[in-house]
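Structure, as C-alpha cells:
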Amino acid sequence: MQIIESAKKYVFHMEPPIPPVTQENVANVLQQCYEQKIAPFERMHAYEQFHTSTLTGPEFNSKPMVLFLGQYSVGKTTMIKYLMGGQEYPGSQIGPEPTTDCFIVVHYNEAVRTIMGTTLAADSNLPFHSLNQFGSSFLTHLRGASLPVPMLKHVFLIDTPGILSGQKQTISREYDFASVVRFMADKVDMIIMLFDTSKLDINDEYKLVLQHLKGNEEKIKIVLNKADCVDPGELVRVRGALMWSLSKIMTTPEVPKVFIGSFSIPNKNTKNSEVLNLFKDDYADLFKELERLPIQHLSRKVNDVIKRAKSVRVHALIMDEMLKKMWYRSEKQRTLMLRDKKLKAIFLDIKLKYRMAESDMPDYETFKDHAQKSYLKSWNRIKPKMLLKLEEFLMKDVTKICENLPNDDSGAASLKREFDIILEQRNEAIEALTAEKAASPANNNAKAEEKKEASKKASIRKEASKKASIRKEVATPKKKESTGTKSATKSPQVDVTQKED
C-alpha cells in the first residue's frame, strides 16, 4: 500500500506541463487543467460520494449529446426517428403503451447493431464510463444502438424510458431514475422535454424529475408534440395551459419557449392537416438550435467544468468547516455535526464569509443525506496549495481558454444540410396531402354541399328581402288613407259650428 501511495505522489510531481492554449488544442488543455488542478481536489474531499465521479478523457473530446425526456408515448422515439430522416434505430419500439424501458444511446457506426449497457460503459472511446457508478441493475437497462446516419456523426441522441406515475416509477424500476436523469442532465448539451397535446398533466414523479434538472435550465427545450391532433383554436389553448403548468414548477422567472410540432411525416391519416403550416417556423427554430450544438459544444464543456470547479470549492469549504468543529473523527461526532442546527449554521457561515449566492450552495437535504452515507475516513481538511491551483484555473486558465475557443462550423453546416432535406420532405408531403384532399370525392361532395347550402341561404335571404319590401309598399298607402279619413271626420264638426253661429 505504501509503495502505491509513493508511486501516486511521484506521478503527481511528474505531471507534464500544460502547453500554451491555441485553437487547435483547447480541448486537450482543458482536460489537462482539469486533471491537474481540479480532479485531485475532488478526490481529496470525496466529491464523487456527494455528486458525480471525476470526468474522463473521452468526455472532453466527445460529440454533443441530446437527452429526450417525457411521459410514455409522447413521441420521444418517433422524434428521434424523424430527426434521422425516417430511419429507426435497432431495437426501437413505437406504440401507445410504454414501449421503451431502457436508456438507449443512439450513435454513429457503419454497422447496424445493438450494444449491451455493460459493454457501452466499458468502451474507452465513448464518454459513458462514469455510468458504472449506478451499478449493474442500471446497466441492464442501458443500451447502445448504432447505425450509419449522417447526422449521428455530429451528435449523440439519448432515448429514455417514459416517466411513469405512482409506485411504478420508484418500485418497479431497480434503479433511481431521477438520479440517473440528473447525472445525464449535467453531461448533455441539450434536454428536449416532450409533451403530448392530450397529456398535459404533470404528475408528482414528473415534478421530481424537473426538480433534478436544477442548474441546467438553459439546456431545456420544451416541445409540444402531436399538434396535428387538435384544431387551431384548441392548439392555442393547449399551449397556454402547458406554459401555465410549467410556470408553477420550474424555478426560472421565464418559462422556456414552447416549440410546437408533429414529428411524423404527414400522410392521409393526419387528423388536422390544416394546422401543419401554422408551426413551420417552430420547426426551423428548433432545427437551428440543434445545428448550433457542434459550435457551442466546446464552450458548453468549458462552462460545465467551471461550474464543477466552483461546486468542488464550495463542497471542500463545507467539509473543512465541519472537520474544524469536530473534536475528533468518529461516527458520534459526525452525527452531532449533521444536526440541523449545526449544519445550517455552517452553511450560513460559508455563504456569508465567502459572499456566495444561494444558488451556489449545494442542496441542504441532499448534502446531509450523502454526508450520512459517505465514508468518514475519506474526509480531509483543505490543503492551501491544492486550493490555490483550483483558484488559478478559475482566475487565469479560464480566461486564456475562452480567448482561444475555435469557431468551426463544419458540423453545423452538415447538420443544416440534413435538416434542410427533412424540411423539404415535410413540405412536399404537406403539399401532396393538400392536393390529395382537394381532389378527393369526399372533399368534392363536401364542397358541393357547402355550395348548395350557401345557395339555399342566399335564396332565403332574397325571399325575406322581397317580403320586407312588399310589406313596406303595402303599409305606405294605408297610412295616407287613414290620414285622409281623419281630416274628413274633423271638417263636418267645423261646418256645424259655423252653422250654429
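Numbers 1156 to 1656, taken from my numbering, label the letters of the sequence shown in order. C-beta atoms are modelled at their ideal positions from N, C-alpha and C, and glycine is treated no differently.
Beta-bridge analysis with DSSP links Ile1259 to Arg1298, Asp1314. Distance check between Asn1582 and each of Lys1435, Glu1628, Tyr1519, Phe1442 places Lys1435 closest, using alpha-carbon atoms only.
Secondary structure at Asn1380: strand, using DSSP grouped into helix, strand and coil. Put simply, the backbone Cα of Ile1415 is about 15 Å away from that of Thr1233. According to the DSSP secondary-structure assignment, Val1221 is paired through a beta bridge with Leu1312, Met1345. By the Cβ test, the stretch 1256-1267 is in contact with the stretch 1293-1305, since at least three Cβ pairs between them sit closer than 8 Å. Taking every protein chain shown into account, the CB of Leu1453 has 16 or more other CB atoms within 10 angstroms, so this residue is buried.
By the neighbour-count criterion, in which a residue is buried when 16 or more other Cβ atoms sit within 10 angstroms of its Cβ, Thr1315 is buried. Of the candidates Asn1432, Ser1466, Ile1173, the residue whose Cα lies closest to the Cα of Asp1515 is Ser1466.
Per the DSSP secondary-structure output, Lys1354 pairs in a beta bridge with Asp1351. Residue range 1268-1271 is occupied by the beta strand (DSSP E) that includes Thr1269, with no alpha helix (DSSP H) assigned at that position.
Gln1226 sits in a strand when the DSSP states are folded into three classes.
Val1267 counts as exposed, since fewer than 16 other beta carbons sit within 10 angstroms of its beta carbon. Using a Cβ-Cβ distance cut-off of 8 Å, the stretch 1332-1346 and the stretch 1366-1376 are in contact, since at least three pairs of beta carbons, one from each stretch, lie closer than that value. In the displayed model, Ile1473 falls within a helix according to three-state DSSP.
Contact between Asn1264 and Leu1302 is confirmed by a C-beta separation of about 7 Å, below the 8 Å threshold. For Ser1292, the closest alpha carbon among the candidates Gln1451, Asp1564, Met1348, Gly1272 is that of Gly1272. Under the DSSP assignment, Ile1556 falls in the alpha helix (DSSP H) whose first and last residues are 1553-1558. Nearest Cα to Ala1568 within the set Phe1215, Pro1305, Leu1286: Pro1305. With 16 or more other CB atoms across the displayed protein chains lying within 10 angstroms of its CB, Lys1236 is buried. Taken atom to atom, the span from the alpha-carbon of Val1460 to that of Tyr1189 is near 8 Å.
Per the DSSP secondary-structure output, Val1413 pairs in a beta bridge with Ile1377. Here the alpha carbon of Ile1313 sits roughly 6 Å from the alpha carbon of Phe1223.
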